[in-house]
Structures are given as structure tokens and as C-alpha cells.
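Notes follow once the structure below has been shown.
Structure follows, in C-alpha cells:
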């Protein structure tokens, strides 16, 4: 995905079916200069670890935070250029165990930079039928040269066209689920209040439906249960507000709130957790109810102006710093304090 021209259901998905404000230009410029100098940026946050460097996206024309979900979207969608800087073709050729001549012939083209008119080297895209995917991508989301990838790739989405231009930001946001717009406090408060009320309505419905839960915790071990937990950005923000700290996930891709077989953040758990039960007697009723409540959740986003996002819940939490360590005693649950029932 280039900064010049690449364009940018159910909460639990079975694997078999798979699935604001402004900042000054000088701030954005300082951000890019730090990034060019080897700042931590997205690479350090890709696994959800919070570092000491503020997210560069907060200095953009539309403030945002970024956490890579490893979805592969930025490597597969749209058309454009991935610019290569001096020394990068040689490094990539060595990584692929190719001669420089062979690498240039197979994977590099020389094109005009639309911003400057200069001729520059760019990675080739795959065949037209592949929809513009990077030729070095394996499968859906595995970069064959990840640790040696071009700087252009490593600095996404902190590009001038994303930081300084609202239209460019929206193109990137349409492609990348890891870009999370930061709503203002008034918007958060209004949306959180309505979400809490919706959750109470959901819990009352569940009580009437009376599904059986034997608290095995299997449904939270996604790798064993064979499904994924999806949630909205609003739900993830609310959960992180209710329980901002949690230990590292017990397994890759697992919710960090799932600790020793129990949920440690029931007050803030998302809709998909509230409506999913292993009890086959009530499954169809709960699935229908889930779609109804999801539509209501989307209505809250629309009517409050809350930024729309939908992705795997553990990845959303990682982007908010949840799962980097800590104990519940360090951060009392404001949802419980506010009187929301668990």
C-alpha cells in the first residue's frame, strides 16, 4: 500500500465458515522525523505491547492510535507503489537468497513518482487477477521478508498522506482495521452510557432465555472451541475502560481477560460473550437475539458519532494496551463502581 496511490454479522465466527480533533503541521512533521530516525512506532506495538513513545498517529490531522492486526489488508488491496530506498533491493535479494540482478528482474519496476516526477524503484504487484497484492506476500498475511521489509512498509500508516490529509486518512482507515480514531470525552461518555444500558437489556434477555452455562471456559479458549470473537471498537474501548489491566494472554490470540478458566472482566465483556452459550437448546434464539442487539449497537455508533471499527476482540484489546501485564487490584473496575451488574 503506497502513500501516493494505493486505495486504501456475527461477533463469534466459526473458523470453518470464517469468519476528533486536529493537530498542528509542526507536530506531524516532528512525528515523521522521529519515525524516520528509527522510532518504535507500529512495529513495536504490533503484538500489543505499550511502549514509552506516544503513538505518532495522535499528531495527525485526524488523531488515531494504531495496532497491527496482521490481517494483510495493506499488502493486498488497491493499486500503487511500494518505494524502495537505497540499499533495500540488495537487502531484500539477500533475504530471498537471490542475486541482485534476479531480484530486480522479477520483483522491481522503475516508475515515475507522481509527487516529484522523478523515476524511482518500486516493488512489483502480483498478477492483475490478484487485486494488487504484494508479490512478496505468502498466503493471506505472511510477509516473506518481514524483518527486512522496505521502510515504506514499516512506517505505515504514519505516512504524510495519512497524517496530513483527511482524505488520505480515510482511505487508509477503510483498509486497515488497526487504525482507531480517538473520540473526544463527551462522545465516549454518551456512547458508554448507552452501551451500558444495552448490555443490561442483553443480560435481562439472557436471564429470560435461561441458557445453561457450566463455566468450563472452553468458549473462551478460541483455539479449542474453533471460533473467533469479534467486537466493535466501542465495545473494546468500554472493556478497556472497565478493566484497563490484564495479564498477558495465556495463549496466542486468546482474550487476556480469560485467566485460569475464568473471565476477569465480566462487567465490560462484549456482546459476543454475552450471547454465546454452548447450550444447543437456546442457540438459535440467542443467535437471532445477537443480530438484533448488534444492530442496536450499530445504532449507538451512528447516533453518537462513535468511530466505527469491527475486528477480533483480543487484537482490539492489544491495541489499547490491555494484556501487557498487571493485576485487577491495580485498577478498580469503574463499571462495577458505577453500579453495573456483572
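Numbering (my numbering), first residue to last: 8 to 349. Ideal placement from N, C-alpha and C gives every residue a C-beta, glycine not left out. All values reported here derive from a predicted model rather than from experimental measurement.
Asked                                                                                                          : Found
Proximity of residue 199 and residue 245 at Cβ, strictly below 8 Å                                             : yes
Reduced DSSP category for residue 225 - H, G, I as helix; E, B as strand; rest coil                            : helix
Of the residues 172, 153, 84 and 142, the one placed nearest residue 68, counting alpha carbons only           : 172
With 16 other Cβ atoms within 10 Å as the buried cut-off, status of residue 291                                : exposed
Range covered by the beta strand (DSSP E) that runs through residue 235                                        : 234-239
Closest residue to residue 312 among 304, 318 and 98 (Cα-Cα distance)                                          : 304
Whole runs of the alpha helix (DSSP H) within the stretch 77-120, excluding any shorter than 4 residues        : 95-102 and 107-114
Classification of residue 121 by the beta-carbon crowding that lies within 10 angstroms, buried from 16 upward : exposed
Pairwise C-alpha distance: residue 72 and residue 188                                                          : 7 Å
Cβ-Cβ separation, residue 237 to residue 316 (assumed contact under 8 Å), whole Å                              : 11 Å between Cβ atoms; not a contact.
DSSP beta-bridge partners of residue 317                                                                       : 239
Environment of residue 206 [buried if 16+ CB atoms lie within 10 Å]                                            : buried
Alpha carbon of residue 262 to alpha carbon of residue 196, nearest angstrom                                   : 25 Å
For residue 323 and residue 243, believed in contact at Cβ under 8 Å, the rounded distance                     : 4 Å
Burial state of residue 159 (16 or more Cβ within 10 Å)                                                        : buried
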